[in-house]
Ligand SMILES: Cc1cc2nc3c(=O)[nH]c(=O)nc-3n(C[C@H](O)[C@H](O)[C@H](O)COP(=O)(O)O)c2cc1C
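Numbering (the working numbering), first residue to last: 238 to 615.
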């Protein structure tokens, strides 16, 4: 890296200590569902190559795609990976080893789809806090078609079982060698279905007040902390927007943000990952981004996400102290060597929706690269 280039992006390219992890720079690969595991949810060698490319390309930290947590209702997509069976744990170990050998660090994202199941090989039934039909339609790029099924209301025993399965899944992630675990608490999946009054009409301790609607997030957070047991990082991804409603805001505004972020720290989170459409956007007329509010209210390291593959945006959000790390999804998918190219003063490959069309599979991305003559360092 020339001094002139390093000097242009001093914040993006500076190291950071996240828990016990020494990150060489502030860049993070955001979680991206790639529906490319085998039919039994076992990660493949193709996936190991996919994740290894981000490590070789210089990303400080990689967060995996959303991974299901049990052999019941958690799976949301066809060919989504799980972290439940011994074969799935072995498959992930291969991915982790590949990333570590390439000098990278990798965290597993745990995901329970709740009512937003498009395909589940264990059951046709979907569950949710309440029997409320999800808004919106299934996503075609994940093999979905038409409206979502009407979910059945979860019993309290089922809630307990889902919480326990998060502890086991986190322990399995540690057995596979991951550097940490992130819970997908964003984008409308099961935790968000609990948090949102329209999808949670329960009258027990999981419904009603914010304290009650947030209980599920906090209990799975604590379960993951137990499963990780000090062997890695535990964190939570949060967003206000839902896949069916990009403009959704927490109904209590900044007061909800304060309560939610502070409670997650108290539940044991080591970091928070805040996803917004525009990472730099101001929230609640506060003069801060949502990531900045998380940093202030939670007091732990915060990863920001949302159009931060624009280097000026990434540099600004770090420089103004609104975030500790910058994650990117589409930018990383388009160019796994984004950090190294930034360091060398080269332009990264730009995202093209054709990279995830007609389906968001690894095959589609590989085909796009072949057609466009794009190769990456290996
Ligand atoms: C193909 C694709 C798959 C995604 N899958 C996930 C996922 O599994 N978990 C998650 O939390 N977010 C997922 N997201 C959302 C991204 O992590 C990110 O929040 C969003 O794309 C905005 O960031 P960007 O502007 O850097 O792309 C996905 C996005 C894309 C484009």
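A virtual CB, placed ideally from N, CA and C, is assigned to each residue, including glycine.
For residue i and residue j, which I take to be in contact (beta-carbon distance under 8 angstroms), what is that distance rounded to the nearest angstrom?
i	j	result
residue 530	residue 520	6 angstroms
residue 614	residue 294	7 angstroms
residue 497	residue 443	With a Cβ gap of about 15 angstroms, residue 497 and residue 443 do not count as contacting.
residue 355	residue 381	4 angstroms
residue 407	residue 465	5 angstroms
residue 506	residue 472	6 angstroms
residue 527	residue 489	At roughly 14 angstroms, the Cβ-Cβ gap does not stay under 8 angstroms, so residue 527 and residue 489 are not in contact.
residue 480	residue 409	Their Cβ separation, rounded to whole angstroms, is 26 angstroms, which puts residue 480 and residue 409 out of contact at 8 angstroms.
residue 523	residue 491	6 angstroms
On the three-state DSSP scale, how would you describe residue i?
i	result
residue 389	strand
residue 270	coil
residue 613	coil
residue 264	strand
residue 373	coil
residue 298	strand
residue 556	helix
residue 308	coil
residue 398	helix
residue 563	strand
residue 239	For residue 239, the pLDDT reaches just 48, beneath the cut-off of 50, and the residue's location in the model is therefore unreliable, although a value from the coordinates is still provided. Residue 239 falls in the coil class under three-state DSSP.
residue 525	strand
residue 245	helix
residue 384	strand
residue 617	Nothing about residue 617 can be read from this structure; the chain reaches only from 238 to 615.
residue 549	helix
residue 572	coil
residue 456	helix
residue 488	coil
residue 354	coil
residue 451	coil
residue 414	coil
Cβ atoms of residue j and residue i: under 8 angstroms apart, would you say?
i	j	result
residue 345	residue 418	yes
residue 537	residue 562	no
residue 457	residue 428	yes
residue 388	residue 363	yes
residue 272	residue 597	yes
residue 514	residue 543	yes
residue 326	residue 300	no
residue 280	residue 244	no
residue 306	residue 349	yes
residue 570	residue 269	yes
residue 535	residue 501	yes
residue 260	residue 247	no
residue 572	residue 586	yes
residue 416	residue 474	no
residue 335	residue 288	yes
residue 371	residue 385	yes
residue 604	residue 267	no
residue 323	residue 278	no
residue 610	residue 588	no
Could you tell me which residues DSSP puts in a beta bridge with residue i?
i	result
residue 424	479
residue 346	303 and 419
residue 508	472
residue 254	259
residue 519	For residue 519, which the question treats as bridged, DSSP gives no partner whatsoever.
residue 540	510 and 562
residue 364	389
residue 319	305
Does the beta carbon of residue i come closer than 8 angstroms to any beta carbon on chain D?
i	result
residue 247	Protein chains in the displayed structure number just one, and chain D is not present.
(request) Decide if the stretch 453-468 is in contact with the stretch 426-438; the criterion is three or more beta carbon pairs, one per stretch, under 8 angstroms apart. (result) yes
(message) For the stretch 553-568 against the stretch 273-284, do three or more pairs of beta-carbon atoms, one drawn from each stretch, fall closer than 8 angstroms, so that the two count as touching?
(response) no
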